[in-house]
Amino acid sequence: MERGGPIKICYVLAITSTSGFLEIENTSNVSRAFKVLQEVAGKQEIIIALAPSSEEQLQQQLQLATAQFMTVIIDPTHAETFHLAIRSHINSADAVLIVDASYGLVTKEQIMRTLDSLTSEIDAVRPVLPFTETLKIIEKDSVVKETLDRTTVKRVSTPELIRVSAIADSKSDQGWFLPLKSGAHTLEIEGDSKITRINSERDLALSALLLQ
Numbered sequence: 000m001e002r003g004g005p006i007k008i009c010y011v012l013a014i015t016s017t018s019g020f021l022e023i024e025n026t027s028n029v030s031r032a033f034k035v036l037q038e039v040a041g042k043q044e045i046i047i048a049l050a051p052s053s054e055e056q057l058q059q060q061l062q063l064a065t066a067q068f069m070t071v072i073i074d075p076t077h078a079e080t081f082h083l084a085i086r087s088h089i090n091s092a093d094a095v096l097i098v099d100a101s102y103g104l105v106t107k108e109q110i111m112r113t114l115d116s117l118t119s120e121i122d123a124v125r126p127v128l129p130f131t132e133t134l135k136i137i138e139k140d141s142v143v144k145e146t147l148d149r150t151t152v153k154r155v156s157t158p159e160l161i162r163v164s165a166i167a168d169s170k171s172d173q174g175w176f177l178p179l180k181s182g183a184h185t186l187e188i189e190g191d192s193k194i195t196r197i198n199s200e201r202d203l204a205l206s207a208l209l210l211q
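Okay, structure coming up:
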């Protein structure tokens, strides 16, 4: 965190896919991510953004939750509409921290490292992982056209931390949860290799092994 003193953070849990409700050892990704975010947010209210189709599942998952939270019914994968939906809730904050609920193994440590990386020169921070697989461009006739330099490709992890002053009111294609202003200074920090997006039953099996 920057040296000018603590800044006000708005905490958001984004349910970007039904994979957020997949369970590892009888606990859903949503419940795990919410619990970790609660440890960071303390008594502060958490905003949960989700599509209408997921609202009933969420209520079932968090019916015993003791932390304060409010739901915003919006698809959080569309940056501009996501911003419009939460703008009135984040305008009084200095920055917004967004955790993707599909990353069920997100840790308090990774969230804190992200928060600590927001210096006065930086507008947005997120952890990334190196891409270790071989990437090839295959043409329609199954001929390999090109092998990509994997050092130029990164896996985005979670969370994202964005200054409210750096959020654009217009469309942005920079690939962040919220649209960034042109010229925003972004920072990628090293992510924990165990914290990856859980999309399938196969991913669940691997994540369960990582918990052991």
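Taking numbering that gives the first Met the number 0, the leading residue of the sequence shown gets 0, the next gets one more, and so forth.
C-beta atoms are modelled at their ideal positions from N, C-alpha and C, and glycine is treated no differently.
Nothing here was measured: the structure is a model prediction, and the numbers come from that model.
Give a single yes or no on whether ILE161 has its beta carbon closer than 7 Å to a heavy atom of the ligand GTP. Ligands displayed in this structure: none; no statement on the ligand GTP is therefore possible.
(request) Just mark ILE161 as buried or exposed, buried being the case when its beta carbon has 16 or more other beta carbons within 10 Å. (result) buried
Candidates GLU159, ASN198, ARG154, HIS184: closest to ALA192 by CA position | In the sequence as presented, Ala is not what sits at residue 192; that position holds Ser. Closest option to SER192, Cα to Cα, is ARG154.
Determine the burial state of PRO51: buried for a count of at least 16 other Cβ atoms within 10 Å of its Cβ, exposed for fewer. Looking at its Cβ environment, which holds fewer than 16 other Cβ atoms inside 10 Å, PRO51 is exposed.
| Candidates MET111, GLU44, ILE45, THR70: which alpha carbon is nearest GLU54's? | Nearest option by C-alpha distance: THR70.
Q | C-beta neighbour in chain B for ASP74, strict 8 Å | A | Looking at the structure shown, chain B is missing, and only one protein chain is on hand.
Classify HIS36 as buried or exposed, calling it buried when 16 or more other Cβ atoms lie within 10 Å of its own Cβ.
The identity of residue 36 in the sequence shown is Leu, whereas the question assumes His. It counts as buried.
Item to check | Cβ-based burial, ARG86 [other Cβ within 10 Å; buried from 16] | outcome: exposed
Please work out which residues of its chain come closer than 7 Å, Cβ to Cβ, to SER116, disregarding the five sequence neighbours upstream and downstream, and give them in chain order.
VAL124, LEU186, ILE188
Cβ shell of SER171 (< 7 Å), same chain only, five flanking positions each side left out | ALA78, PRO178, LEU179
Under the three-state reduction of DSSP, which class applies to THR26: helix, strand or coil? strand
Practice task
Just list the beta strand (DSSP E) runs in the region 151-179, keeping only unbroken ones of 3 residues or longer that don't cross its boundaries, in chain order.
Solution key: For the region 151-179, whole beta strand (DSSP E) runs of length 3 or above, ordered along the chain, are 153-155, 159-162.
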